[in-house]
């Protein structure tokens with residue numbers, strides 16, 4: 001008691017009792033930290049702490065001085081209980097979380113980056129370092145390849161110290177996200193490599209699964225016109241798991257395996273190989289197996305390719321808002337669509353030209369694959385802030401809607417409806433072609449109403465330029 005008072009400049013002679021100590025105005029705002037109490041002095045200190053507690057209760061004291069005891073390590077529960085007496089206790093266990101580690105990294109100007117390998121390396125660094133700021137600072141100085149696959153560097157670290165067996169009292173184990181986690185260096189030194197493998201797997205799962213799911217959703221979005229015909233409430237896709245049958249009623253519920261199976265023959269070779277690589281990575285992580293560095297690098301390469309060939313979930317999220325428009329011609333054969341498109345200043349994507357090019361290259365294709373190519377080309381133009389025309393018949397509702405949804409709702413789509421008088425269209429044609437043009441003409445007339453209503457899409461404007469409207 002006298003030693004505490006003297007440490008604050010209060011003469012010991014002025015403190016005769018514990019009550020004097022607690023009521024001294026010179027130390028009423030003081031907090032005393034008591035550390036390294038020797039085992040032989042525990043009894044004396046315990047008596048003092050009990051007296052302090054008694055006086056506080058007896059006189060209803062609410063203010064200072066305050067006393068914080070840092071409990072010595074190596075005490076049995078009995079000795080610790082004697083020292084604490086009736087004082088409230090707090091064990092500093094699991095006080096540092098991943099949120100704290102992330103916050104420290106952010107405050108230090110360190111970010112995860114946006115690339116696949118950058119984010120995986122950052123996540124692995126945080127998970128391997130866990131609660132240890134010193135280890136975090138060290139790992140952040142390593143090359144990216146060592147952050148992605150840190151085991152060899154950690155083995156060097158393990159050999160560089162005479163690590164004691166890790167425990168909480170020596171500061172080499174603490175709770176991290178609710179799990180007892182040893183310092184990585186001590187873990188390797190004492191044969192706990194499986195815990196390092198677990199941390200690497202945890203970080204990979206946390207960082208990689210969002211990329212894999214983005215690829216899955218991107219593939220669904222690109223082929224939604226095809227998948228909608230295969231998976232719907234009316235035509236559910238069924239899978240058998242042992243003796244249980246599960247139904248999928250929306251394409252968005254499909255897994256990577258299902259997408260590859262349903263789109264077999266429609267995916268490009270590059271898309272198929274990439275989705276298989278993503279599927280294998282997903283399966284590895286789902287079974288608790290970390291992905292090797294070589295495979296990580298391959299997945300990163302596939303991800304980079306997929307960002308270039310698959311549409312994003314949010315259309316046009318990174319486009320400039322320059323008032324660019326998607327113009328879509330709508331009308332039957334020989335209706336004047338291509339002539340109108342050619343007269344526009346905007347660049348033109350011709351469905352007929354795409355189909356002819358695919359035929360020339362002996363690429364098996366149908367209308368949906370032609371439109372996918374058209375959408376990909378149109379996207380590259382729209383993302384520069386320029387108008388583009390997709391020159392096609394657009395007679396089917398799902399074709400129009402899928403193409404129109406390429407454009408975000410805050411930019412415009414224009415349906416340009418074009419047709420000529422029937423007599424002008426059949427002039428000079430063979431009898432066989434006349435019949436074909438006539439059928440297309442009348443079919444278009446009977447199905448024109450949804451087009452005139454812009455298919456009820458909020459950002460679609462309609463220009464009816466038909467010469468023949470009846």
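In the numbering used here, the protein residues as written are 1 to 470.
Where a beta carbon is used, it is the ideal one built from N, C-alpha and C, also for glycine.
Distance, residue j Cα to residue i Cα
i: residue 125; j: residue 274; result: 27 Å
i: residue 254; j: residue 184; result: 39 Å
i: residue 86; j: residue 9; result: 28 Å
i: residue 212; j: residue 31; result: 53 Å
i: residue 449; j: residue 367; result: 23 Å
i: residue 135; j: residue 3; result: 38 Å
i: residue 335; j: residue 313; result: 35 Å
i: residue 278; j: residue 130; result: 28 Å
i: residue 259; j: residue 168; result: 49 Å
i: residue 447; j: residue 388; result: 25 Å
i: residue 142; j: residue 209; result: 24 Å
i: residue 51; j: residue 18; result: 7 Å
i: residue 73; j: residue 304; result: 52 Å
i: residue 309; j: residue 396; result: 25 Å
i: residue 65; j: residue 22; result: 6 Å
i: residue 16; j: residue 29; result: 20 Å
i: residue 60; j: residue 20; result: 15 Å
i: residue 435; j: residue 456; result: 32 Å
i: residue 311; j: residue 409; result: 16 Å
i: residue 104; j: residue 406; result: 40 Å
i: residue 40; j: residue 79; result: 11 Å
i: residue 217; j: residue 301; result: 18 Å
i: residue 174; j: residue 181; result: 6 Å
Three-way DSSP call (helix, strand, coil) for residue i in this model
i: residue 455; result: helix
i: residue 247; result: strand
i: residue 307; result: helix
i: residue 84; result: helix
i: residue 233; result: coil
i: residue 412; result: strand
i: residue 180; result: strand
i: residue 344; result: coil
i: residue 471; result: The structure shown has nothing for residue 471, since the chain only spans 1 to 470.
i: residue 67; result: strand
i: residue 464; result: strand
i: residue 213; result: helix
i: residue 420; result: coil
i: residue 240; result: strand
i: residue 224; result: helix
i: residue 36; result: coil
i: residue 450; result: helix
i: residue 73; result: coil
i: residue 132; result: coil
i: residue 112; result: coil
i: residue 42; result: helix
i: residue 407; result: coil
i: residue 218; result: helix
i: residue 11; result: coil
i: residue 363; result: coil
Residue i - containing beta strand (DSSP E), residue span
i: residue 358; result: Segment 351 to 360 is the alpha helix (DSSP H) holding residue 358; no beta strand (DSSP E) there.
i: residue 28; result: Counting along the chain, residue 28 falls outside any beta strand (DSSP E), and DSSP gives it neither H nor E.
i: residue 401; result: No beta strand (DSSP E) holds residue 401; the alpha helix (DSSP H) holding it covers 397 to 404.
i: residue 388; result: 388 to 391
First through last residue of the alpha helix (DSSP H) which encompasses residue i
i: residue 380; result: 367 to 382
i: residue 20; result: 18 to 23
i: residue 125; result: 116 to 129
i: residue 93; result: Neither: residue 93 is in no alpha helix (DSSP H) and is coded neither H nor E.
i: residue 433; result: 431 to 446
i: residue 61; result: Unbroken run through residue 61: none, as it is neither H nor E.
i: residue 7; result: 2 to 7
Practice item. Would you check if the segment 322 to 331 and the segment 405 to 422 touch, i.e. whether three or more CB-CB distances between them fall below 8 Å? Key: yes
Review point. Taking contact to mean at least 3 C-beta pairs separated by less than 8 Å, is the segment 149 to 167 in contact with the segment 183 to 196?
Key: yes
Practice item. Give a yes or no on contact between the segment 224 to 231 and the segment 198 to 216, applying the rule of three or more CB pairs nearer than 8 Å. Key: no
Review point. How do the segment 343 to 355 and the segment 366 to 382 stand: do at least 3 beta-carbon pairs fall below 8 Å, yes or no?
Key: yes
Review point. For the segment 231 to 245 against the segment 285 to 295, are there 3 or more C-beta pairs whose distance is under 8 Å?
Key: no
Review point. How do the segment 112 to 127 and the segment 143 to 153 stand: do at least 3 beta-carbon pairs fall below 8 Å, yes or no?
Key: yes
Point to revise | In chain order, each alpha helix (DSSP H) run of at least 4 residues that lies wholly inside the segment 140 to 205 | key: 144 to 148, 151 to 159 and 184 to 189
Check your understanding: Residue ranges of each alpha helix (DSSP H) run of no fewer than 4 residues wholly in the segment 245 to 333, ordered along the chain?
Key -> 256 to 262, 269 to 286 and 293 to 309
Exercise for review: Count the C-beta pairs between the segment 356 to 364 and the segment 318 to 326 that are closer than 8 Å, then say yes if the count reaches three, no if not.
Suggested key: no
**Study point:** Cβ pair count under 8 Å reaching 3, the segment 236 to 245 against the segment 216 to 224
**Key:** no
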